[in-house]
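Visitor:
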Amino acid sequence: MPLNSLFSPFQCKTLKLPNRIVMAPMTRSFSPGGIPTKEVTEYYQRRAAAAVGLIISEGTVIERPSSSNDPKVPRFWGDALPAWKQVIDTVHAAGGVMAPQLWHVGAVRNRRTDWAVPEPIDSPSGLAAPGKPYGTAMSDESIADTIAAFARAAGDAKRLGFDAIELHGAHGYLIDQFFWDGTNHRSDSFGGATLPQRGKFAAEILRAVRAEVGPDYPVIIRLSQWKQQDYTVQMARTPQEMEAWLQPLADAGADIFHCSQRRFWEPEFAGSDLNFAGWAKKLTGKPTITVGSVGLSGEFLAAFGGESSQPAPLDELLRRFDRGDFDLVAVGRALINDPQWVQKVRDGRRDELLDFSPAALGTLY
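For our numbering, count along the sequence shown from 1 and bump the result up by 1371.
(1) Given Asp1709, which residues of its chain have a CB within under 6 Å of its CB, disregarding the five upstream and five downstream residues?
(2) Okay, do the region 1456-1473 and the region 1490-1505 touch, 3+ Cβ pairs below 8 Å being the bar?
(3) Report yes or no: do three or more beta-carbon pairs, one from the region 1521-1541 and one from the region 1585-1604, lie closer than 8 Å?
(4) Among the residues of its own chain, which have a CB less than 7 Å from the CB of Thr1412, if the five just before and after it don't count?
(5) What are the uninterrupted segments assigned as beta strand (DSSP E) that are 3 or more residues long and contained completely in the region 1421-1456, given in chain order?
(6) Grouping DSSP H, G and I as helix and E and B as strand, with all else coil, what is Thr1412?
(7) Straight-line CA distance for Leu1685 to Leu1386?
(8) Answer with buried or exposed for Thr1603, where buried requires no fewer than 16 other C-beta atoms within 10 angstroms of its C-beta.
(9) Using a threshold of 9 Å, state whether the C-beta atoms of Phe1628 and Glu1639 are closer than that.
(10) When the Cα atoms are used, what is the spatial distance from Ser1560 to Trp1597?
(11) May I ask you to report which of helix, strand or coil DSSP gives Arg1418?
(12) Considering just the uninterrupted stretch of the beta strand (DSSP E) at Gln1596, what are its terminal residues?
(13) Starting from Pro1471, trace the beta strand (DSSP E) in both directions and tell me its first and last residue.
(14) Assuming contact is defined by CB atoms lying nearer than 9 Å, are His1475 and Ile1546 in contact in what I supplied?
(15) Should Gly1663 go down as buried or exposed, given a rule of 16 or more other Cβ atoms within 10 Å for buried?
(16) Output yes or no for whether 9 Å exceeds the beta carbon distance between Gly1703 and Met1394.
(17) For Ala1522, which option in Asn1481, Gly1585, Leu1699 has the closest C-alpha, if you only look at C-alpha atoms?
(18) Using DSSP's beta-bridge definition, name the partner residues of Phe1628.
(19) Since Ile1546 is in the alpha helix (DSSP H), which residue starts that stretch and which ends it?
(20) From the DSSP output, read off the bridge partner residues of Lys1503.
(21) Looking at the secondary structure, which residues open and close the alpha helix (DSSP H) in which Val1716 lies?
(22) Answer yes if the region 1548-1564 comes into contact with the region 1428-1446, meaning at least three C-beta pairs across the two stretches below 8 Å, and no otherwise.
(23) According to the neighbour-count rule (16 or more other Cβ atoms, all chains shown, within 10 Å of its Cβ), is Arg1721 buried or exposed?
(24) Just how far apart, CA to CA, sit Pro1471 and Val1580?
(25) Name the DSSP beta bridge partners of Ile1392, please?
(26) Give every residue of the same chain whose Cβ lies closer than 8 Å to the Cβ of Glu1410, excluding the five residues on either side of it in the sequence, and list them in chain order.
(27) Excluding sequence positions up to five away, which residues of its chain have a Cβ less than 7 Å from the Cβ of Cys1383?
(28) In angstroms with no decimal places, state the Cα-to-Cα distance between Pro1380 and Ala1621.
(29) Could you check the C-alpha separation between Phe1635 and Leu1688 for me, to the nearest Å?
(30) What residue range does the beta strand (DSSP E) around Ile1492 cover?
(31) Buried or exposed: which applies to Pro1489, given that a residue is buried once 16 or more other Cβ atoms fall within 10 Å of its Cβ?
(32) With distances taken Cα to Cα, identify the nearest neighbour of Asp1516 among Ile1660, Trp1650, Arg1530, Glu1575.
(33) Smallest Cα separation from Gln1681: which of Gln1611, Glu1723, Ala1419, Gly1719?
(34) Cα separation between Ala1641 and Pro1373?
(35) What's the call for Asp1485, buried or exposed, on a 16-neighbour Cβ count within 10 Å?
(36) With a CB to CB cut of under 6 Å and the five nearest residues on each side skipped, what residues in its chain are close to Ile1518?
And the structure:
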């Protein structure tokens, strides 16, 4: 199918992109002590120079003691900020556009044996998953401090020169733990029986971020139904429940919804082939990003189990894009593996597209 529409420009507030392809945020853990290195800067530079429309950084954590569960995940505060300034200046010099993804992992266990997560470990209700205690139910003070830390990081991103920010509200991390009734059992105003009630934490973060960055600075939020703790979770089971979840976030300051699925082509609700991003756009009118196994066979979680992937056709993606289901397309594994993936797709060089090997996760090419 013709690729012209995928390579058309896009604008949302001050965010101006040359095409609709987004580099998905992907944890790489190549920042010792939480500070991005020269190699991290060059990693993003290569993709900026090779026609990626928008680069969203790997998750980069806010200023809270337990915001990270990996000492090599980059920070977005303190002495890491000059390194991020180097990243964004280099990306801009290469012609790129970039947003940092701001993150707090919440009550997700540390898998390392050589490093311990500083305590207290923030969580809505002291649960890592339904029925699995871990972490500490956050006090009003810790909730307020966390909201302020997200806003402070967003303000730093704008001052450093980043073109937008993304909040990580997906995949069972802290913001998502507040959304999920399996991990949010609070009886105060940050809990409740409904998604809009449990969404107050995210909405308060969005309002604080918006107050910090002003009305014209683009704010993206990444959301998912599935969790790393349970791939089958569907928090919003109907379009009505999804609208009740997403509209307050839009009202609070979200400009773009980044709708994470494991496979972009899977329908969100019975009776329609619209995916998550398609429904989010239909229900809120906001631009959306689709993501999930774009450009490669298999799906990204299988890579952690050692599964390789091969280039996959984009016809179904283009069909949905051309009928207006979503505005932007995020690509993950293909861009870890090959900085030139966008140029090869644009120029019809399909025979040059690379297979993906999980070995690529161990390098920063």
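Ideal placement from N, C-alpha and C gives every residue a C-beta, glycine not left out.
Guide: Checking against the coordinates, here is how it stands:
(1) For Asp1709, same chain residues with a beta-carbon under 6 Å away, outside a window of 5 residues either side, are Leu1725 in chain order.
(2) These segments do not touch.
(3) Counting C-beta pairs with one atom in each stretch, the region 1521-1541 and the region 1585-1604 have three or more that are closer than 8 Å, which means they touch.
(4) So the list reads Gln1457, Val1458, Thr1461, once near-sequence residues are dropped.
(5) Complete beta strand (DSSP E) runs here, min 3: 1425-1432.
(6) In the three-state DSSP reduction, Thr1412 falls in the helix class (H, G or I).
(7) Taking the Cα positions, Leu1685 is about 25 Å away from Leu1386.
(8) Thr1603 comes out exposed.
(9) No; because the gap between Cβ atoms is not below 9 Å, this pair is not in contact.
(10) Whole-angstrom Cα-Cα distance: 24 Å.
(11) Reduced to three states, the DSSP call for Arg1418 is helix.
(12) Per DSSP, Gln1596 belongs to the beta strand (DSSP E) from 1590-1598.
(13) Judged by DSSP secondary structure, Pro1471 falls within the beta strand (DSSP E) whose first and last residues are 1469-1474.
(14) Going by C-beta atoms, His1475 is nearer than 9 Å to Ile1546.
(15) Buried, by the Cβ-count rule.
(16) Yes, these two residues count as a Cβ contact at 9 Å.
(17) Of the candidates Asn1481, Gly1585, Leu1699, Gly1585 places its Cα closest to the Cα of Ala1522.
(18) Note: Phe1628 sits in a beta bridge opposite Ile1592, Thr1659.
(19) First-last of the alpha helix (DSSP H) with Ile1546: 1545-1550.
(20) Partner(s): Ala1500.
(21) For Val1716, the enclosing alpha helix (DSSP H) begins and ends at 1712-1717.
(22) No contact exists between the region 1428-1446 and the region 1548-1564.
(23) The residue in question, Arg1721, is exposed, as its Cβ has fewer than 16 Cβ neighbours within 10 Å.
(24) Whole-angstrom Cα-Cα distance: 14 Å.
(25) According to DSSP, which records beta bridges pairwise, Ile1392 is partnered with Val1700.
(26) Correct list, in chain order: Phe1401, Leu1735.
(27) Excluding its 5 nearest sequence neighbours in each direction, Cys1383 has C-beta neighbours in its own chain below 7 Å: Pro1589, Asp1626, Ile1627, Pro1658, listed in chain order.
(28) Cα-Cα distance, rounded: 23 Å.
(29) In this structure, the CA atom of Phe1635 is about 8 Å from the CA atom of Leu1688.
(30) Ile1492 -> no beta strand (DSSP E), and no H or E assigned at all.
(31) Exposed is the call here.
(32) Of the candidates Ile1660, Trp1650, Arg1530, Glu1575, the one whose C-alpha sits nearest the C-alpha of Asp1516 is Glu1575.
(33) Measuring from the Cα of Gln1681, the nearest candidate turns out to be Glu1723.
(34) The straight-line gap from Cα to Cα measures roughly 29 Å.
(35) Exposed, because fewer than 16 other Cβ atoms sit within 10 Å of the Cβ of Asp1485.
(36) For Ile1518, the CB contacts under 6 Å within the same chain, skipping 5 residues up- and downstream, are Glu1575, Ile1576, Ala1579 in chain order.
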